[in-house]
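Q: Under our numbering, the first residue of the sequence shown carries the number 13, and numbering increases by one thereafter.
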Amino acid sequence: MPSEIKIRELKPEELAERYELSRLAFGGPAEPPPSALEVRADRVRYGAFDGRGRLLGTASEVVHHRWWDGSARPAVDVGGVAVAPEARGRGVARALLAHLLAEARGRDAGLSFLYPTVSALYRSAGWAMVGARRSIDIPTALLADARSRAPLSLRQGAPADLAGLGALRSAVAQLRNGILAAAEGTAASDSFPEGIDGVSIATDDGGDAGFIAWGRGPGYHEDAVLTVAEIMARTTEAATSLVALLSSWRSVAPTVRFIAVPSGLLSHVLPLEVAREHRTSRFMGRVVDLASLVRSRRWPAAVSGGCTIEVEDRLASWNHGRFELAVEGGRGELTPTTRAPQITVAVNGLALLACGSATPEMLAEAGLASLDNPAAVPLLRQVMVSPPVELLDYF
Ligand SMILES: CC(C)(COP(=O)(O)OP(=O)(O)OC[C@H]1O[C@@H](n2cnc3c(N)ncnc32)[C@H](O)[C@@H]1OP(=O)(O)O)[C@@H](O)C(=O)NCCC(=O)NCCS
13 MPSEIKIREL KPEELAERYE LSRLAFGGPA EPPPSALEVR ADRVRYGAFD
63 GRGRLLGTAS EVVHHRWWDG SARPAVDVGG VAVAPEARGR GVARALLAHL
113 LAEARGRDAG LSFLYPTVSA LYRSAGWAMV GARRSIDIPT ALLADARSRA
163 PLSLRQGAPA DLAGLGALRS AVAQLRNGIL AAAEGTAASD SFPEGIDGVS
213 IATDDGGDAG FIAWGRGPGY HEDAVLTVAE IMARTTEAAT SLVALLSSWR
263 SVAPTVRFIA VPSGLLSHVL PLEVAREHRT SRFMGRVVDL ASLVRSRRWP
313 AAVSGGCTIE VEDRLASWNH GRFELAVEGG RGELTPTTRA PQITVAVNGL
363 ALLACGSATP EMLAEAGLAS LDNPAAVPLL RQVMVSPPVE LLDYF
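#1: Looking at T129 and ligand 2, is the gap between the Cβ and the nearest heavy atom below 7 Å?
#2: Report the residue from R20, P128, G210, G333 whose alpha carbon sits nearest the alpha carbon of F407.
#3: For the putative contact between A94 and A37, defined by C-beta atoms under 8 Å, what is the C-beta separation to the nearest angstrom?
#4: Look at the alpha carbon of L392 and the alpha carbon of P372, and state the distance between them as a whole number of angstroms.
#5: Taking the straight line between their C-alpha atoms, what separation do you get for V299 and L365?
#6: According to DSSP, is D157 helix, strand or coil?
#7: R310 and G82: beta carbons closer than 8 Å?
#8: Which of the three DSSP states, helix, strand or coil, is assigned to L282?
#9: Taking 7 Å as the cut-off, is the CB of G368 close to at least one heavy atom of ligand 1?
#10: State yes or no: is the beta carbon of E206 nearer than 8 Å to at least one beta carbon in chain C?
#11: Per the contact definition of three or more C-beta pairs closer than 8 Å, is the segment 164–178 in contact with the segment 274–283?
#12: My guess is that G138 and L327 are in contact by the Cβ rule of under 8 Å, so how many angstroms apart are they, rounded?
#13: If I follow the unbroken beta strand (DSSP E) through A245, where does it start and stop?
#14: I need the boundaries of the alpha helix (DSSP H) containing D149, first residue and last residue.
#15: Taking contact to mean at least 3 C-beta pairs separated by less than 8 Å, is the segment 71–82 in contact with the segment 40–49?
#16: Assuming R404 and L362 form a contact by the criterion Cβ under 8 Å, report the distance between their Cβ atoms to the nearest whole angstrom.
#17: Nearest to Y31 by alpha carbon, out of A48, P24, L380, R106?
#18: Sorry if obvious, but does the Cβ on A144 come closer than 7 Å to a heavy atom of ligand 1?
#19: Per DSSP, what kind of secondary structure is D216 in: helix, strand or coil?
#20: Could you tell me if the beta carbon of G39 falls within a distance shorter than 7 Å of some heavy atom in ligand 1?
#21: Could you tell me which of D149, I150, R146, L126 sits nearest to A140, measuring between CA atoms?
#22: Determine the direct distance from the alpha carbon of L109 to that of I17, and round the result to whole angstroms.
#23: Using only CA atoms, which one of F204, V264, D325 lies nearest to Y232?
#24: Take R262 and list the residues in its own chain whose beta-carbon comes closer than 6 Å to its own, dropping the five residues that flank it on each side.
#25: Select from G40, I191, V51, A96 the residue whose C-alpha is nearest the C-alpha of A272.
#26: For the candidate residues L180, N360, H332, whose alpha-carbon lies nearest to that of G219?
#27: May I ask you to list the residues that DSSP assigns as paired with E336?
#28: Report yes if the C-beta of R100 is less than 7 Å from at least one heavy atom of ligand 1; otherwise report no.
#29: With DSSP collapsed to three states, give me the class of R100.
#30: Applying the 10 Å Cβ sphere with the 16-neighbour rule, what's the burial state of P274?
#31: Tell me the DSSP secondary structure of F223 in three-state form.
#32: Could you tell me the alpha carbon to alpha carbon distance between D173 and A314, rounded to whole angstroms?
#33: Kindly indicate which residue of G39, G69, A53 has the alpha-carbon position closest to the one of E26.
#34: DSSP three-state label for N385, please.
#35: With H, G and I counted as helix, E and B as strand and the rest as coil, what does DSSP make of D173?
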């Protein structure tokens with residue numbers, strides 16, 4: 013990091029200056045919105061200062077938990093990276109990212125995600141492209157088929173129900189990797205968040221089985237869009253009943269926009285073959301602390317063995333070096349070693365392995381790994397690849 017750059021958490025009275033720097037990069041109203049000046053429990057905003065105390069750049073840690081391998085794990089994601097135009101190209105962004113990684117390690121995060129505007133910057137800092145968040149449009153009339161197969165009753169949810177749906181959210185999210193876990197102690201609100209007009213809940217003998225949070229939007233002509241901000245279902249019957257409910261808007265909202273749909277069950281219910289992509293936001297992931305990730309993963313119980321692995325990580329020194337990976341009885345451990353590596357891998361490659369985006373052979377093909385001893389490859393293939401990561405939130 014350039015020696016004259018100092019990085020520290022911004023004070024509340026510096027948030028207006030941070031907003032202005034961010035506005036000059038991303039655009040936005042001249043007057044800061046209240047949320048930009050609020051101190052928030054889930055955001056730590058950092059500033060990079062020169063020797064004379066001038067703010068050169070900023071980046072935010074987005075602190076929350078994501079479901080991974082069946083449990084809610086700390087995740088520290090990155091947002092709002094911006095550098096003053098005159099200070100660009102001098103390593104300010106890289107220094108901010110290095111600082112954030114060290115902080116994220118302190119919070120026991122295994123992985124970190126971000127939505128890039130420029131992948132080259134993050135790729136050179138160890139992130140890799142691991143997935144996409146898609147919002148899709150489906151003609152409302154084409155959802156009508158679900159009406160004939162919709163067995164569950166539906167009830168109208170109140171704003172306070174949104175917090176109460178946590179158990180249902182968790183039931184869906186814990187089968188997948190990457191969905192946000194609700195923040196502890198989230199208070200029930202007496203009004204819906206902006207853009208939400210209603211919550212509809214499908215119930216069965218086991219209680220709440222699925223829900224949609226939706227916003228009606230303006231107008232009722234051919235350009236009217238009903239937006240589904242969130243949809244979750246734990247049975248096909250619940251999913252079908254909710255989709256049938258959406259189809260009832262076909263006379264006044266010809267399009268239903270789904271902001272992000274969990275994989276699996278809903279893909280089997282929605283007519284995705286007629287969906288149009290509304291917006292695709294690709295995201296990148298990075299291993300924050302490989303040892304922590306290895307320790308906290310739920311490893312396949314049937315797999316046991318070990319291999320030596322050399323990791324190249326220029327920004328997070330604690331990941332850099334040679335390690336012994338040992339997996340036994342559903343537990344994994346990573347310890348430093350001096351033995352020759354069987355596999356050498358760039359830290360970007362580890363993110364692709366951990367997020368279910370590539371096998372070891374695919375990393376070798378991309379120049380992100382060298383398989384020095386092929387005997388170790390089958391083990392690594394079995395233990396590192398998870399279900400693909402899916403982020404439904406945007407930050
Ligand atoms: C993108 C931005 C944050 C980069 O900041 P910076 O301080 O100039 O970046 P650095 O000097 O630390 O560059 C670090 C690395 O990223 C690369 N990089 C930086 N900006 C890049 C760009 N626009 N295109 C391609 N590579 C870029 C650098 O070449 C360098 O790579 P290297 O170490 O392999 O040589 C800055 O240009 C900016 O504020 N842009 C507008 C806002 C924005 O797009 N923010 C990103 C939001 S996700």
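A virtual CB, placed ideally from N, CA and C, is assigned to each residue, including glycine. A quick note: this is a predicted structure, and the numbers were derived from the prediction, not measured.
A: The relevant details are as follows:
#1: This structure simply doesn't include ligand 2; it includes ligand 1 instead.
#2: Residue mapping note: residue 407 aligns to position 395 of the sequence shown, counting from 1. Cα-wise, what sits closest to F407 is P128.
#3: Here residue 94 is taken as the residue at index 82 of the sequence shown, counted from 1. Here residue 37 is taken as the residue at index 25 of the sequence shown, counted from 1. That pair is a contact at about 4 Å.
#4: For the purposes of this step, residue 392 is identified with residue 380 of the sequence shown, where counting begins at 1. For the purposes of this step, residue 372 is identified with residue 360 of the sequence shown, where counting begins at 1. Answer to the nearest angstrom: the Cα atoms are 7 Å apart.
#5: The sequence position of residue 299 within the sequence shown is 287, counting from 1. The sequence position of residue 365 within the sequence shown is 353, counting from 1. Approximately 10 Å, taken between the alpha carbons.
#6: The sequence position of residue 157 within the sequence shown is 145, counting from 1. If DSSP states are grouped into helix, strand and coil, D157 belongs with the helices.
#7: Within the sequence shown, numbered from 1, the residue matching residue 310 stands at position 298. Within the sequence shown, numbered from 1, the residue matching residue 82 stands at position 70. Yes.
#8: Counting from one through the sequence shown, the residue named residue 282 turns up at place 270. Reduced to three states, the DSSP call for L282 is coil.
#9: Residue 368 sits at position 356 when you count from the first residue of the sequence shown. Result no, Cβ not under 7 Å from ligand 1.
#10: Of the protein chains in the structure, only one exists, and it is not chain C.
#11: no
#12: Counting from one through the sequence shown, the residue named residue 138 turns up at place 126. Counting from one through the sequence shown, the residue named residue 327 turns up at place 315. Going by Cβ atoms, the distance from G138 to L327 rounds to 5 Å, so yes, they are a contact pair.
#13: Position 233 of the sequence shown, counted from the start, is the residue given in the question as residue 245. Residues 237–245.
#14: Taking the sequence shown and counting its residues from 1, the one referred to as residue 149 is at position 137. Counting along the chain, D149 falls outside any alpha helix (DSSP H), though it belongs to the beta strand (DSSP E) covering 140–151.
#15: no
#16: In the sequence shown, counting from the first residue as 1, residue 404 sits at position 392. In the sequence shown, counting from the first residue as 1, residue 362 sits at position 350. In the sequence as presented, Arg is not what sits at residue 404; that position holds Leu. Wrong, their Cβ atoms sit about 24 Å apart, outside the cutoff.
#17: If you number the sequence shown from 1, residue 31 lands on position 19. Nearest C-alpha to Y31: A48.
#18: Here the question's residue 144 lines up with position 132 in the sequence shown. Every heavy atom of ligand 1 is 7 Å or more from the Cβ of A144, so no.
#19: Stepping through the sequence shown from its first residue, residue 216 is reached at position 204. Three-state result, D216: strand.
#20: Sequence index remark: in the sequence shown, residue 39 carries index 27 (1-based). The answer is no for G39.
#21: As a first step, residue 140 must be located in the sequence shown, where it is residue number 128. Taking only the C-alpha atoms, the option nearest A140 is L126.
#22: For this step, residue 17 is matched to residue 5 along the sequence shown. For this step, residue 109 is matched to residue 97 along the sequence shown. In a straight line, the C-alpha of I17 is about 13 Å away from that of L109.
#23: Here residue 232 refers to the residue found at position 220 of the sequence shown. Residue V264 is the option with its Cα nearest to Y232.
#24: For the purposes of this step, residue 262 is taken as residue 250 along the sequence shown, with counting starting at 1. T152, A153, listed in sequence order.
#25: Translated into the one-based positions of the sequence shown, residue 272 becomes position 260. Checked all of G40, I191, V51, A96; the closest Cα to A272 is I191.
#26: Counted from its first residue, the sequence shown places residue 219 at position 207. Among L180, N360, H332, the Cα nearest to that of G219 is on L180.
#27: What you label residue 336 is simply residue 324 of the sequence shown in a count that begins at 1. DSSP lists T320, T347 as partners of E336.
#28: Reading the sequence shown from its first residue, position 88 is the one you call residue 100. Yes, the beta carbon of R100 sits closer than 7 Å to at least one heavy atom of ligand 1.
#29: Working through the sequence shown from its first residue, we reach residue 100 at position 88. Three-state DSSP puts R100 in coil, outside helix and strand.
#30: Translated into positions along the sequence shown, residue 274 becomes position 262. Result: buried.
#31: The residue labelled residue 223 in the question sits at position 211 within the sequence shown. The answer is strand: DSSP assigns F223 an E or B state.
#32: Here residue 173 is taken as the residue at index 161 of the sequence shown, counted from 1. Here residue 314 is taken as the residue at index 302 of the sequence shown, counted from 1. Rounded to the nearest angstrom, the two C-alpha atoms are 41 Å apart.
#33: Stepping through the sequence shown from its first residue, residue 26 is reached at position 14. Checking every option, the nearest Cα to that of E26 belongs to G69.
#34: Here residue 385 corresponds to residue number 373 of the sequence shown, with the count starting at 1. Residue state, collapsed to three classes: coil.
#35: Here the question's residue 173 lines up with position 161 in the sequence shown. Reduced to three states, the DSSP call for D173 is helix.
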